[in-house]
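**Student:** Each number in our numbering comes from the position in the sequence shown (counting from 1) with 125 added on.
Heads up, the beta-carbon is just placed ideally off N, CA and C, and yes, glycines get one too.
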Amino acid sequence: MSDFAKDNDRIDININAAAIAPENFRQYIKSLGRYNFPDPAMVDPDGIGIVAVGGDLAPETLISAYAQGLFPWFNEDDPIAWWCPEPRCVMVPTDYKPSKSLRKQANRSRWQLTLNQAFNDVIHACSLPRSDGFNDALPEGEHTWIHSEMIDAYTELHAQGFAHSIEVWDDKQHLIGGLYGLKIGGIYFGESMFHVASNASKLAFWSLMRLCEQSHVELVDCQLPNDHLLSLGAEILPRAKFLLELDTLIGSRSVKWQKDSHQSLVVSLLDKPQPWQLKV
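1) Can you list, in chain order, the residues of its chain with a C-beta nearer than 7 Å to that of P350? Leave out the 5 residues immediately preceding and following it.
2) Look at the Cβ atom of T186, then the Cβ atom of R159, and state whether they are nearer than 8 Å.
3) Give the DSSP bridge partners of M275, in chain order.
4) Would you call the region 305-315 and the region 243-253 touching, i.e. three or more CB-CB distances under 8 Å?
5) Look up I188 in the DSSP assignment and say whether it is helix, strand or coil.
6) With distance defined between alpha-carbon atoms, name the residue in R233, P170, E211 and I271 nearest to D202.
7) Assuming contact is defined by CB atoms lying nearer than 8 Å, are F162 and A183 in contact in what I supplied?
8) If we count the other Cβ atoms within 10 Å of its Cβ and call it buried at 16 or more, is L369 buried or exposed?
9) Just to confirm the assignment, what range does the alpha helix (DSSP H) spanning E316 have?
10) On a CA-only basis, which of A329, A325 and G315 is nearest L344? Give me that one, please.
11) Just confirm the distance between the C-beta atoms of F199 and A206, as a whole number of angstroms; I'd bet it's less than 8 Å.
12) Counting only runs of 3+ residues fully inside the region 324-389, write out the beta strand (DSSP E) ranges in chain order.
13) Check whether the Cβ of A288 lies closer than 7 Å to any heavy atom of the ligand ADP, and answer yes or no.
14) When burial is assigned at 16 or more other CB atoms within 10 Å of the CB, is G172 buried or exposed?
15) Would you kindly check if the distance between the Cβ of H289 and the Cβ of I301 is under 8 Å?
16) Please report the residue range of the beta strand (DSSP E) in which A177 lies.
17) Output the boundary residues of the alpha helix (DSSP H) element that contains K222.
18) Please identify the residue among A243, R364, P218 and M334 whose C-alpha is closest to the C-alpha of D470.
19) Suppose the cutoff is 7 Å on Cβ atoms and the five residues either side in sequence are ignored; what does the same chain contact list for V342 look like?
20) By alpha-carbon positions, which one of L374, P223, A278 and F196 ends up nearest to S332?
21) Which value, in whole angstroms, describes the spacing of the CA atoms of L328 and P170?
22) Give every residue of the same chain whose Cβ lies closer than 6 Å to the Cβ of F367, excluding the five residues on either side of it in the sequence, and list them in chain order.
23) Quick one: using the 10 Å Cβ neighbour count with 16 as the cut-off for buried, is R411 buried or exposed?
24) CA-CA distance, H353 and Q285?
25) Could you tell me how far apart the beta carbons of V293 and W236 are, in whole angstroms, since I believe they sit closer than 8 Å?
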């Protein structure tokens, strides 16, 4: 584990990925941050996962960190801890196969899926304790690591077009499940998911896989493995292999996921026409 080496001059910039040529994007986002992130293999040879402590959650810091395979994970009021776990849990969208029971659920359900329509509601719902996704169960009464500082940081990333949410609504327009994360180039970094109705988060995850496949996102980073993710088909990669793939994917072309985009982006979960469509 290492403290940051701090640059003398901070790069203050409003991140605007749309204005950057894809071939230059990889170098651009790595140069954004105020801090020099250490090499995980050098400072964490035993694979514990924490490679740095300190810094801030400014948009440029977060984007630079994710581009180098790091993500923040820390308790409220503690110093920011930056993780790059060994091994890494990932999902290849084209390899995902929904279960028969999930297909049946989609066939008979009147639920609706949306993209980027309720990011604030989703991230706040994900901050509550549960055991259905990128987080494990917590003791009763405790919240997840998604505290107010994290919520503010990722809400800003959402405003800048990097953080995205998928929502699941019931037939009364109640939010019953969803997920959020970041998309940079051809990789999606999953942060958290939740459900208050059975299978809602699984359907959100299925729609994420289809959306990634349609928009040329080749890999979903699930960070740390857990039984739920592995049951969905996630696989384990050595950290070094993940970082090599990441370095290629962050500079690749992919379809933008803006809720105010003029693009027609519709994901049908089933092979035949169904009410299950992802709307933007």
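**Tutor:** In short:
1) C214, A359 and I361
2) The answer is yes: Cβ separation under 8 Å.
3) Beta-bridge pairing links M275 to no other residue.
4) yes
5) helix
6) I271
7) no
8) exposed
9) From DSSP, E316 is part of no alpha helix (DSSP H) but of the beta strand (DSSP E) over I312 to H320.
10) G315
11) 4 Å
12) Complete beta strand (DSSP E) runs here, min 3: 344-348 and 360-362.
13) Absence of the ligand ADP from the depicted structure is noted, as is the absence of any ligand whatsoever, leaving it without description.
14) exposed
15) I301 is not a Cβ neighbour of H289, given a cutoff of 8 Å.
16) I175 to V178
17) Element bounds for K222: n/a, residue is neither H nor E.
18) The requested residue 470 does not occur in the structure, where the chain is confined to residues 126 to 405.
19) The residues are P218, K308, G311, I312, Y313 and S379.
20) P223
21) 37 Å
22) R213
23) For residue 411 there is no data in the structure shown, the boundaries of the chain being 126 and 405.
24) Approximately 30 Å between the Cα atoms of the pair.
25) Confirmed, Cβ separation roughly 6 Å.
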